[in-house]
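Asks: Quick mapping for you: the protein sequence lines, in order, are chains A and B. According to the numbering used here, the first sequence is numbered sequentially starting from 1. According to the numbering used here, the second sequence is numbered sequentially starting from 1001. Note that the Cβ used here is the ideal one computed from N, Cα and C, for glycine as well. Computed from a predicted structure; not experimentally measured.
Number of protein chains: 2
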Amino acid sequence: MALSKNQLKLITSLQQKKYRTKHGLFIAEGTKVVEEFLNSNFILDQLFFVENNGYETLNNTTQISEIELKKISLLKTPNNVLAIFKIPAEENLLNNGFIVALDDINDPGNLGTIIRLCDWFGVDQLICSKNTTDCYNAKVVQASMGSLTRVSIIYTDLLNYLKNTSLPKYATLMDGENVYKSKLPKEAVLVMGNEANGISNNVLEVLDNTISIPRFGNIQQTESLNVATATAILLSEFKRLN
Amino acid sequence: MALSKNQLKLITSLQQKKYRTKHGLFIAEGTKVVEEFLNSNFILDQLFFVENNGYETLNNTTQISEIELKKISLLKTPNNVLAIFKIPAEENLLNNGFIVALDDINDPGNLGTIIRLCDWFGVDQLICSKNTTDCYNAKVVQASMGSLTRVSIIYTDLLNYLKNTSLPKYATLMDGENVYKSKLPKEAVLVMGNEANGISNNVLEVLDNTISIPRFGNIQQTESLNVATATAILLSEFKRLN
């Protein structure tokens, strides 16, 4: 069996958020990442493979040629399998625990890394502003390496959420309180801003606390830390003592 | 004036390490990154610009067209200027201070991020095994955002260096000592391993101590942390108390 025109059309369309939303579907690629989704609560829609890796026991699988996989894959080096999964329903917004909130993160690689970090550090929920990159974007799915299956991610009106939560809220800034000297609570919302513009002004207004990672270099010229590496350091600080 | 054939040939050749080494030259691109190199001790060889940003005061500059820049640029969206700088002589290997050592880091993005982190945290020297990606690779230059001008980077026989240094040596592993519970010295060598294979066995044999970043997630399935985010967290731990 080979790829039908309709399958090809569907797969191509899922590169766009508009069609992912319309169909409620997204794409995962490669043996390892697909396996993580298959072993999770995510529901498989269809799967396309070159070499059979036990995929015959699943429903809706299609064997395709290496050339066909190359045609539908977004990876530089396609890796045997491409699967379409259903986008799960979002969980309810949490008002307790430790939450990371993203204010318009643009770069899919950064979002993928942050999802992996949330998974590693056991973050209870990742809340994204409406303009944050879609977490079912192919690049995010590949960069998060299956962590998407274990992190609760919610897209919402961030300002509204922050106004209404009773958790202490931390703004990550270039000139906030030294994180190493701050007493950090176990339950909080840690807000990370856009790569170029930081946290937007209207969001900043509703936050209670500020934190920064101090610079140790002698020369005070270093560019700001990348948002994903800054998130790594701050999650480490919040979690190590709590 | 426009690009000569020889200039075009030189620029293209510098995409390969072989020719960077032969000519002792590398390429930096974009207004911001080029400015960081111009404001440093690095020596300019030639510079090509579309719009003049005060470049006329420099020697060996050539005005080129947008189309020519597109032809020689490796960036998706070329940004006004491409410059060729001389590769500086390496400094002497340090036997004191805080050193990061890389055992065969492959990914240019990871190396660029680590160089930025070394700059931020004031690491005294970055020592790379001979098989670590070349720091004058175009992707590393762009990812490190000018931090290359402020970090002392040395490529050497890593095993030999580690055998001979009297500094305490830390191996970053998946199952080492909990970094949050370790007493970390001010002066040390922190060794980070290859993305896929970790630290090689012969290097591991000469290291005194091991450290790990503990996992906080409930489900014990998370992939290992990316080497650049792990470096971020460990540098934060070594530096915050010292």
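Is the beta carbon of A/T194 sitting closer than 9 angstroms to the one on A/D134?
Replies: The question names Thr, yet the displayed sequence has Asn at residue 194 of chain A. No, Cβ-Cβ distance for A/N194 and A/D134 is not below 9 angstroms.
Asks: Give the secondary structure of B/T1062 by DSSP, where H, G and I count as helix, E and B as strand, and everything else as coil.
Replies: Correct three-state label for B/T1062: strand.
Asks: May I ask you to report which of helix, strand or coil DSSP gives A/Y136?
Replies: The answer is coil: DSSP assigns A/Y136 none of H, G, I, E or B.
Asks: Just the C-alpha distance for A/A171 and A/E205, rounded to the nearest angstrom, thanks.
Replies: Their Cα atoms are separated by approximately 10 angstroms.
Asks: Would you identify the three-state DSSP class for A/A196, choosing helix, strand or coil?
Replies: If DSSP states are grouped into helix, strand and coil, A/A196 belongs with coil.
Asks: How would you call B/D1208, buried or exposed, if buried means at least 16 neighbouring beta carbons within 10 angstroms?
Replies: That one is exposed.
Asks: If you drop the 5 nearest sequence neighbours on each side, which residues of the same chain put their C-beta closer than 7 angstroms to that of B/Y1136?
Replies: So the qualifying residues of the chain are R1020, F1026 and I1087.
Asks: Give the DSSP-derived three-state secondary structure of A/A83 in the structure shown.
Replies: Here A/A83 sits in strand by DSSP.
Asks: Relative to the alpha-carbon of B/N1106, which residue among B/L1117, B/M1192, B/E1036 and B/C1118 has its alpha-carbon at the smallest distance?
Replies: Comparing Cα positions, the closest option is B/M1192.
Asks: With 16 as the cutoff for other CB atoms within 10 Å, does B/P1253 come out buried or exposed?
Replies: Nothing about residue 1253 of chain B can be reported from this structure: the residues present for chain B run from 1001 to 1242 only.
Asks: Can you confirm whether the stretch 1032 to 1052 of chain B touches the stretch 1063 to 1076 of chain B when touching is taken to mean that 3 or more C-beta pairs between the two stretches lie within less than 8 angstroms?
Replies: These segments touch.
Asks: Looking at chain A, is there any beta carbon in it that lies within less than 9 angstroms of the beta carbon of B/D1119?
Replies: Closer than 9 angstroms to some Cβ of chain A, the Cβ of B/D1119 qualifies, so yes.
Asks: What do you reckon, are the CB atoms on B/V1140 and B/L1111 nearer than 9 angstroms?
Replies: Yes. Within cutoff.
Asks: Check whether the stretch 173 to 182 of chain A and the stretch 49 to 65 of chain A touch, using three or more Cβ-Cβ pairs below 8 angstroms as the test.
Replies: With the cut-off at 8 angstroms, the stretch 173 to 182 of chain A and the stretch 49 to 65 of chain A do not touch.
Asks: Is the separation between the beta-carbon of A/L38 and that of A/A89 shorter than 9 angstroms?
Replies: Contact: no.
Asks: With 9 angstroms set as the bound, which would you pick, yes or no: does the beta-carbon of A/F216 sit closer than that to a beta-carbon of chain B?
Replies: Closer than 9 angstroms: yes.
Asks: Does any CB atom of chain A fall closer than 9 angstroms to the CB of B/G1097?
Replies: By this cut-off, B/G1097 is not an interface position.
Asks: Straight-line CA distance for A/S13 to A/E29?
Replies: Approximately 16 angstroms between the Cα atoms of the pair.
Asks: Any beta-carbon of chain B closer than 9 angstroms to the one on A/G122?
Replies: Chain B, which has a Cβ nearer than 9 angstroms to the Cβ of A/G122, makes this yes.
Asks: Are A/E177 and B/R1116 close, meaning C-beta to C-beta below 9 angstroms?
Replies: In this structure, B/R1116 does not lie closer than 9 angstroms to A/E177 by Cβ.
Asks: Please list, in chain order, all residues of the same chain as B/L1235 whose beta carbon is under 6 angstroms from its beta carbon, the five residues on each side excluded.
Replies: L1117 and F1121, listed in sequence order.
Asks: With 8 angstroms as the limit, tell me which residues of the stretch 1138 to 1166 of chain B have their beta carbon closer than that to any beta carbon of chain A; keep them in chain order.
Replies: Cβ contacts with chain A: M1145, G1146, S1147 and R1150.
Asks: Give the residues from the stretch 1223 to 1239 of chain B that approach chain A closer than 7 angstroms (Cβ to any Cβ), ordered along the chain.
Replies: So the list reads E1223, L1225, N1226, A1228, T1229, A1232, I1233, S1236 and K1239, given in the order they occur along the chain.
Asks: Where DSSP assigns a beta bridge to B/E1029, which residues make up the other side?
Replies: For B/E1029, which the question treats as bridged, DSSP gives the partners B/L1082.
Asks: Suppose contacts are defined by Cβ-Cβ distances below 9 angstroms. Is A/L102 in contact with A/L167 by that definition?
Replies: The answer is no: Cβ separation not under 9 angstroms.
Asks: Give me, in chain order, the residues of the same chain whose beta-carbon lies closer than 7 angstroms to that of B/N1202; leave out the 5 immediate sequence neighbours on both sides.
Replies: Closer than 7 angstroms at Cβ, skipping near neighbours: L1159.
Asks: Identify the continuous beta strand (DSSP E) that holds B/G1176 and give its terminal residues.
Replies: Looking at the DSSP string, the run of the beta strand (DSSP E) that includes B/G1176 is K1169 to N1178.
Asks: B/L1126: which of B/L1190, B/K1183, B/Q1063 and B/T1077 sits nearest, CA to CA?
Replies: Cα-wise, what sits closest to B/L1126 is B/L1190.
Asks: Buried or exposed, going by whether 16 or more other CB atoms sit within 10 Å of the CB of A/K239?
Replies: A/K239 comes out buried.
Asks: Starting from the C-beta of A/D119, find all residues in its chain whose C-beta is less than 7 angstroms away, skip the five residues before and the five after it, and write them out in chain order.
Replies: Correct list, in chain order: S147, R150 and V151.
Asks: Is any beta-carbon of chain A found at less than 9 angstroms from that of B/Y1180?
Replies: True, the Cβ-Cβ gap to chain A drops below 9 angstroms.
Asks: Quick one: what does DSSP say B/T1077 is sitting in, helix, strand or coil?
Replies: Note: B/T1077 maps to coil in three-state DSSP.
Asks: Using the Cβ count rule (16 or more neighbours within 10 Å means buried), how would you classify B/A1002?
Replies: Counting Cβ neighbours within 10 Å, B/A1002 comes out exposed, since fewer than 16 surround it.
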